[in-house]
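Asks: First the structure, which I've put down as structure tokens, then a few questions once you've had a look.
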Amino acid sequence: MDKSLRTSTYTNTGLSRRSFLKASALSSGGLLLSVALPGCTAIGMKNQGMVSAGEWQSNAWLRIDTDNRITFILDRVEMGQGTYTGLVTLLAEELEVDPALVQVEFAGVGSAYDNPLYKLQITGGSTSVASSFKRIRLAGASAREMLKQAAAQVWALENTSTLHCDNGQVIHSNGKTLSYGELASIAATFAVPEDTALKSPDEYRYIGKYNKRLDALQKVTGQAVYGVDVELPGMLYAVISRAPAFGGTVKNLDSSAAKAASGVVDVFPLKAAGRSGVAVVARSYWQARKAQQLLQIEWQTPEVAPSSDAIFAQYARDLDNEDGEQVRDDGDFDAAAEQAASTLTAEYQLPYLAHATLEPQNCVVKADADGMEVWAPTQSASMARVAAGKHSRYSLDDIVIHTTWIGGGFGRRILQDYVAECAVIADRLQQPVKLIWNREEDTAHDWYRPASLHRLQATIGADGKASGWQHRIAHPKVFEWFVGDAAPAQYPFMPKLMFPMLAGAGKLGEGILAPKDSSGYEGANDVPYALGNIDVRFIHSEPGVPVGYWRSVGFSHNGFVTESFIDELAHQQKQDPLNFRLELLAQHPRAQSLLRRVAQLADWGRPLPGCHQGVAIHKSFNTWVAQIADVQVEGKTFSVKRVVCAVDCGQAVNPDMIRAQMEGGINFALTAALYGNITLKDGAVQQSNFHDYALLRMPEAPQIVVDIADNQYDPTGVGEPGVPPLAPAVANALFAATGQRLRRLPLQLA
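The sequence shown runs contiguously to residue 749 in numbering that gives the first Met the number 0.
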């Protein structure tokens, strides 16, 4: 591998413009449009051109070749959520080409690809389309105008007023045409035009109308290469036995039988990403698995090994003894409590949850004298590079990351432990290695959705109306488990010896040097109801269990808690739960409109035969989602027959994709509401596979109706907002059916 192909150059020109585009010619004579826009780590970039035929250095989104090929470099990973189609649609709209004509390549590591909302190269937070809506359209529009200028030069025109673009061609009013490929090398000589006009919504041809899935053919025909599919010549296979308890270590190891097994290349203890284990490397996957069974390991369990009961007892003590951080303070709740005629109190408890991605964690790493290459289904290529660098001899400049297709992420693949482990093994052996986790390992060694404990109090004034709301939350900080790789990824020019310092600075500087970790209280601190006096407090309680970002993050538990408790308050006030919400949402007309729409579609008050209805609405990732669940109860069992969902996510780019994400989010959330529960004993997870950590089966899936609000606000997130309202809508329906208020997940009737 030529070392020059692994080196990226970043410069800061100090530009004050809000956007910067740069055009240059390709070695093929085509057009390369480099893009750096607000939020990028480096505003100015030195374009280094092609890495090799068909591959590009990571500082360009758009390539137009002389053979008419149009290539888009996808800077957000595709894990089923539809970024592949969504972002191409944005580019194609302004470039005036059918999205199906655009080829897509996955981006490597580059500061130009940083998510402008996080200042980090990461796919998460339902931000892909929202953060790219204008800047990728600008890339397409700028290229379109440059191609028109090139055509004007060829035809000796004074300006481009008689020209328009369509289907990959520049067209003169007299009918003459030139293809983009014919014009690309000339277009590359022009300066990128400033203040390029973007289309108005009434001009859209594809945005809001394009419903084909561009990645479907590759997926159904097996052409899409997922991480677990990657094969390299001479590749070895690795598996790892990890300490069952968090923080556990190897006390005694007898690996003699495993080393003697057929095909085994190496057996050795390792530590990576804070976990200890024993690696077995063999010439085939099954040889490695068989040898793993021959290992005799005595594990050392740490003195403090948390169990589920002890964790919730810790949460309760912290809620009893600590005021915590006040994250919302409207009015004077203490005064409202003193003057209250009555109060309503409740305690809600939510468990740890695993991600359960259908593609278990895996990674392929090739290490040799020239450097390291990593093939990984990762949600953050830059963090994957840091994880590989921290756990090998190589500097970041010597590490290349190849992002693959991803068989489910849900936030799990933001954490890079599987990359770190594979880097350790490949660095030791100096051969290509594929590491594969099995389902049991994936369940037992996740970075879990944190367990949490919530105490709520509502005050009712002398007039009988709600006058105050207090919500106190005990919850760990996800950021502290994430920052170790995230902080160095933001400063890739720093030497590896500085990585621990960067991580420490990130923790100490949370909210100043690093983003504020709102994952524990998001969705609680911005409860939308006009209740006068609102006090929300976050109590940081750390049990020592690895935690990470789970689909919809803090909204997933706070949505359940707030929408269940507002339902309790509605019933205490003897009001219809829907009308009660509508009255308190007077300051949020989009939410009111959505509630009325979902009520109309679900025929609120007239449930399906044998069912009762529950309603919930929640805003997450700037998107409002309202849901009504029709639930049938038979004894102590129940089934969700229908979920009607209305979503307001601003401008719909690909409507069918939005429906798919709402449907997927509802089924994902219903899995958690019915079954999700990770429990610990002596520091070890007790669940192992889908028999005791179940997923929703097809016969259990409800009928789902999705309605998308029609408006032209800028797009907001859709990958996660379908999750938070589901559990409270079901729980509220169960209360309507049985009178039982369920304040714990998973939902179980007494």
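Just so it is clear, CB atoms sit at the ideal spot from N, CA and C, and this is done for glycine as well. Computed from a predicted model, the values in this text were never measured in an experiment.
1. Would you identify the three-state DSSP class for residue 511, choosing helix, strand or coil?
2. How would you call residue 657, buried or exposed, if buried means at least 16 neighbouring beta carbons within 10 angstroms?
3. Three or more C-beta pairs closer than 8 Å, one from the segment 201-208 and one from the segment 637-654: is that the case here?
4. With 16 as the cutoff for other CB atoms within 10 Å, does residue 710 come out buried or exposed?
5. Please state whether DSSP places residue 157 in a helix, a strand or coil.
6. Report yes if the C-beta distance between residue 730 and residue 559 is below 9 Å; otherwise report no.
7. Determine the contact status of residue 484 and residue 394, defining contact as a CB-CB distance below 9 Å.
8. Can you look up residue 750 in the DSSP assignment and give me helix, strand or coil?
9. Just list the residues that DSSP pairs residue 167 with in beta bridges.
10. Considering only the beta carbon of each residue, do residue 759 and residue 726 sit closer than 9 Å?
11. When the Cβ atoms of the segment 334-349 are set against those of the segment 405-425, are three or more pairs found closer than 8 Å?
12. Verify whether the separation of the beta carbon atoms of residue 147 and residue 128 is less than 9 Å.
13. What residue range does the beta strand (DSSP E) around residue 348 cover?
14. Work out the CA separation of residue 227 and residue 708 for me, nearest whole Å.
15. Name the two residues that bound the continuous beta strand (DSSP E) containing residue 710.
16. Got a sec? Which residues, its chain only, sit under 7 Å from residue 606 by beta carbon, not counting five neighbours each side?
17. Quick check: what's the CA-CA separation for residue 70 versus residue 100?
18. Given a cut-off of 9 Å on the beta-carbon distance, is the pair residue 471 and residue 454 in contact?
19. Is it right to say residue 626 is buried, meaning 16 or more other beta carbons lie within 10 angstroms of its own, or is it exposed?
20. Using only the alpha-carbon positions, how far apart do residue 748 and residue 635 sit?
21. Exposed or buried, what is residue 285 when buried is set at 16 or more other beta-carbons lying within 10 Å of its beta-carbon?
22. Determine contact between the segment 301-321 and the segment 536-543, defined as no fewer than three beta-carbon pairs at a distance below 8 Å.
23. Hey, quick one: how far does the alpha helix (DSSP H) through residue 544 stretch, first residue to last?
24. Could you tell me which residues DSSP pairs with residue 642 in its beta bridges?
25. Looking only at DSSP bridge pairs, what is residue 751 linked to?
26. Identify, in the order they occur along the chain, each residue of the same chain with its Cβ nearer than 6 Å to the Cβ of residue 40, setting aside the five sequence neighbours on each side.
27. Looking at the structure shown, is residue 195 part of a helix, part of a strand, or coil, going by DSSP?
28. So the candidates are 716, 739 and 272; which of them puts its Cα closest to the Cα of residue 499?
29. Hey, residue 290 and residue 237 are a contact pair by Cβ (cut 8 Å); roughly how many whole angstroms apart?
30. From residue 637 to residue 733, what distance separates their C-alpha atoms?
31. Compute the distance between the beta-carbons of residue 619 and residue 723, then report whether it is under 9 Å.
32. Between which two residues does the alpha helix (DSSP H) carrying residue 751 extend?
33. If you check the beta carbons only, do residue 411 and residue 458 fall under 9 Å apart?
34. Let me know the secondary structure DSSP gives residue 618 once reduced to three states.
35. Pull up the CB-CB distance for residue 261 and residue 294, whole angstroms please, since I reckon it's below 8 Å.
36. Along the chain, where does the beta strand (DSSP E) that runs through residue 432 open and close?
Replies: Working from what's here:
1. coil
2. buried
3. yes
4. exposed
5. coil
6. yes
7. no
8. Given a span of 0 to 749 for the chain in the structure shown, any question on residue 750 remains unanswerable.
9. Beta-bridge pairing links residue 167 to no other residue.
10. One cannot answer for residue 759 here, as it falls past the ends of the chain, which runs 0 to 749.
11. no
12. no
13. 341-349
14. 38 Å
15. Looking at the DSSP string, residue 710 is not in any beta strand (DSSP E), and its letter there is neither H nor E.
16. 612 and 629
17. 9 Å
18. yes
19. buried
20. 5 Å
21. exposed
22. yes
23. Neither: residue 544 is in no alpha helix (DSSP H) and is coded neither H nor E.
24. 628 and 703
25. Given that the chain is displayed from residue 0 to residue 749, the structure contains no residue 751 and the question cannot be resolved.
26. With a pLDDT of only 25 at residue 40, under the threshold of 50, the placement of this residue in the model should not be trusted, and no figure is reported.
27. coil
28. 272
29. Actually they are not in contact, since the Cβ atoms of residue 290 and residue 237 sit about 11 Å apart, beyond 8 Å.
30. 8 Å
31. yes
32. Because the chain spans 0 through 749 in this model, residue 751 falls outside it and cannot be assessed.
33. no
34. strand
35. Contact doesn't hold; Cβ gap of about 15 Å is too wide.
36. 432-435
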